[in-house]
Amino acid sequence: MHIDSYEFGHIVIDGKSYRQDLLIWPGRILSDWWRAEGHLLQIVDVYEALAANPQVLVVGMGQPGRMQVDPALAAHLKDQGVELIALPTREACQFINRLEGKRRLAAALHLTC
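To convert, count from 1 in the sequence shown and add 1256; that's this note's numbering.
Written as structure tokens, this is what we have:
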């Protein structure tokens, strides 16, 4: 998977355009993804991606980064040995591209605020 471009509200991955928030794990992009509590990312929001046993969960917090990671999710990831990377979405996309093919990752990308 390669992120071709990202701008507020729009991302292109492997040539395909998306305008909704995305949950990504190996072999899958869930394009109608939304969280239980809007700008708070919780375990329930990413359970499908975590079932794929990623080594890293990359969170795109939006531009400029309004979405937050629930401390309970951060603790759960730490207990499971999953590295958490939470960045504004533009930087998260760049990080994902740098990791491409190097580590098994999942991503939760908020495309707007």
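From the three backbone atoms N, C-alpha and C, an ideal C-beta is built for every residue, glycine too. Owing to the predicted nature of the structure, the values given are computational and were not obtained by experimental measurement.
Query raised in the report: Quick one, which of VAL1338, ARG1322, ASP1301, ALA1331 has its alpha-carbon nearest ARG1360's?
Result: When only C-alpha atoms are compared, the closest one is VAL1338.
Requested in this report: Classify HIS1266 as helix, strand or coil using the three-state DSSP reduction.
Outcome: It is a strand residue.
Query raised in the report: According to the neighbour-count rule (16 or more other Cβ atoms, all chains shown, within 10 Å of its Cβ), is HIS1295 buried or exposed?
Result: exposed
Query raised in the report: Just the Cα atoms here: how many angstroms apart are MET1317 and THR1345?
Result: Taking the straight line joining both Cα atoms gives about 5 Å.
Requested in this report: Take TYR1262 and list the residues in its own chain whose beta-carbon comes closer than 7 Å to its own, dropping the five residues that flank it on each side.
Outcome: THR1345, ARG1346, CYS1349
Query - Buried or exposed (CB count within 10 angstroms, at least 16 for buried), VAL1302 - result: buried
**Report entry** Among ALA1364, MET1257, ILE1259, the one whose alpha carbon lies nearest that of LEU1278
**Finding:** With respect to the C-alpha of LEU1278, the residue from ALA1364, MET1257, ILE1259 having the closest C-alpha is ALA1364.
Query - Neighbourhood of HIS1366 by C-beta, 7 Å cutoff - its chain only, sequence neighbours within 5 removed - result: ASP1277, GLY1316, MET1317, GLY1318, MET1323, THR1345
Requested in this report: Could you check which residue in ALA1342, ILE1285, LYS1272, TRP1289 has the C-alpha nearest to that of ALA1308?
Outcome: Residue ILE1285 is the option with its Cα nearest to ALA1308.
Requested in this report: With distances taken Cα to Cα, identify the nearest neighbour of GLY1321 among VAL1312, PRO1282, ALA1342.
Outcome: ALA1342
**Report entry** Buried or exposed (CB count within 10 angstroms, at least 16 for buried), PRO1310
**Finding:** buried
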